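Chains as they are written, first to last, in our numbering: chain F, 1 to 114; chain W, 115 to 223. Where is the CB? At the ideal position from N, CA and C, for every residue including glycine. Nothing here was measured: the structure is a model prediction, and the numbers come from that model. Notes follow once the structure below has been shown.
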Amino acid sequence: DVKVTQSSRYLVKRTGEKVFLECVQDMDHENMFWYRQDPGLGLRLIYFSYDVKMKEKGDIPEGYSVSREKKERFSLILESASTNQTSMYLCASSIAGERDNEQFFGPGTRLTVL
Amino acid sequence: RKEVEQDPGPFNVPEGATVAFNCTYSNSASQSFFWYRQDCRKEPKLLMSVYSSGNEDGRFTAQLNRASQYISLLIRDSKLSDSATYLCVVGGGFQKLVFGTGTRLLVSP
């Protein structure tokens, strides 16, 4: 059974703190993605990665960075958290291929920045 | 214009009803199409892929109309457990997916 796990289900941080969100997949997928989901806006892509050490900006990368040191792990970093980064963060992975393949999601991290 | 547009709903239907959702997409080059289901406070999960010839999975039927750039999902004999948000998803190229904001379905007894 495919599995994507995220380090925390709920997280509360203060403005200005550095925040790390971890995602691990056990499916040997090449592609990994970070989204945020907000009411009325749907899922928006923050960053994605096709392979170890590779990263690409998504639609809303400002205020975020990522790290992919191992194939199974993709980290999202908020360098200095702000209240407008309060959101649900979802990690996903997919197998590489010629088509845009199904993505498997983790359970999400609900981040509140005070 | 949004890349993928859906009616947010909610669609309120009684058990046993048939309900249909549509969505439109803007990128005529898209090659992959999906419907995902998202339960309240849960992650999205694949419901079904959508093929050019249309496809059926039990009570669920998905259709693709490339000429008009819309995708549909038909649910027959609705169950209480079908209550969820249904996300229309289109391939965005370069292994990415573009998600609609979802259509909420509420099935009542």
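- At a beta-carbon threshold of 7 Å, the residues of chain F lying near W:Leu160 are Glu102, ordered along the chain.
- For F:Ser49, DSSP records a beta bridge to F:Met32.
- Runs of beta strand (DSSP E) with 3 or more residues, each lying fully within the segment 85–111 of chain F, are found at 87–94, listed in chain order.
- Beta bridge pairing from DSSP links F:Lys57 with F:Tyr47.
- The beta carbon of F:Gly58 is closer than 7 Å to those of Leu45, Ile46, Tyr47, Phe48 in its chain, skipping five residues each way along the sequence.
- One alpha carbon belongs to W:Asp196, the other to W:Leu219, and they sit about 7 Å apart.
- DSSP, read as helix, strand or coil, puts F:Asp26 in coil.
- Within 10 angstroms of the beta-carbon of W:Pro124 lie fewer than 16 other beta-carbons, which makes it exposed.
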